[in-house]
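Numbering (our numbering), first residue to last: 83 to 288.
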């Protein structure tokens with residue numbers, strides 16, 4: 083049975099694009115049912131239109147308060163009836179109603195080795211702390227900020243005199259490989275959440 087994937091994005095959509103490319107190369111047991119963006123004229127929106135994927139735009143400025151924005155976002159997600167939601171550079175915190183309804187069905191990608199450096203500007207945080215290793219994490223989203231159960235991580239050594247922009251690009255290259263791997267594991271039913279730990283099951287052979 084195919085999993086319906088809904089992608090949430092806010093920017094240029096490079097991770098979304100790599101997800102689609104991996105799906106074309108070696109299909110997931112899934113289909114992409116839609117994209118939700120929180121601003122107009124994003125790269126992600128262009129990518130979705132090119133691929134024939136429906137797009138829904140929910141802009142915060144169009145609503146009088148956060149509560150109504152959250153309600154509209156949740157309603158839009160329900161309309162797509164997804165089995166999996168993938169946060170690919172989505173810069174909004176999802177409220178507890180949204181996260182609770184889709185518990186253990188929302189993957190989030192974060193450019194640090196969580197639990198280190200959650201929140202905004204993790205690459206800058208890493209450089210300011212002088213850490214020698216950074217990377218990226220795919221985790222199940224919960225009601226906290228980058229606190230959900232960790233699925234996969236990939237690390238790199240930080241070169242001397244590395245700038246924030248350089249580190250961001252280095253980590254982005256890791257993200258492009260890691261996110262499709264996590265999506266594939268989910269679609270194959272190989273992820274099991276045990277408390278705050280995610281167990282990866284062996285691949286079934288027939």
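Ideal placement from N, C-alpha and C gives every residue a C-beta, glycine not left out. Small disclaimer: the values here were computed from a predicted structure and weren't measured.
Query raised in the report: On the three-state DSSP scale, how would you describe residue 215?
Result: strand
Report task. Would you mind working out which of 241, 229, 257, 111 sits nearest residue 217, comparing C-alpha positions? Result -> 257
**Report entry** Contacting residues, own chain, Cβ-Cβ under 7 Å from residue 169 (five flanking each side not counted)
**Finding:** 90, 188, 189, 190, 191, 223
Query - Backbone CA spacing between residue 277 and residue 231 [nearest angstrom] - result: 8 Å
Requested in this report: Could you tell me if the beta carbon of residue 253 falls within a distance shorter than 7 Å of some heavy atom in the ligand MN?
Outcome: Absent from the structure shown: the ligand MN. Ligands present: none.
**Report entry** Cβ-based neighbour list, residue 180, same chain, cut-off 6 Å, excluding 5 preceding and 5 following
**Finding:** 156
Query - Candidates 285, 282, 263, 270: closest to residue 97 by CA position - result: 263
Requested in this report: Ignore the nearest five residues each way along the sequence and tell me which others in residue 266's own chain have a CB closer than 6 Å to its CB.
Outcome: 110
Requested in this report: Enumerate in chain order the residues of its own chain whose CB-to-CB distance from residue 174 is below 6 Å, with the five nearest sequence positions on each side excluded.
Outcome: 120
Query raised in the report: Is the CB-CB distance between residue 246 and residue 273 below 8 Å?
Result: no
Query raised in the report: Taking the DSSP output, what are the residues bridged to residue 148?
Result: Paired residue(s): none; residue 148 is not in a bridge.
Query raised in the report: If you count every other CB in all the chains shown that lies within 10 Å of the CB of residue 196, and 16 or more means buried, which is it?
Result: buried
Query raised in the report: Taking residue 283 as the reference, which of 252, 254, 233 has the closest Cα?
Result: 233
Query raised in the report: Span of the beta strand (DSSP E) holding residue 275?
Result: 273-276
Query raised in the report: With DSSP run on the structure shown, which of helix, strand or coil describes residue 114?
Result: strand
Requested in this report: Give the secondary structure of residue 107 by DSSP, where H, G and I count as helix, E and B as strand, and everything else as coil.
Outcome: helix
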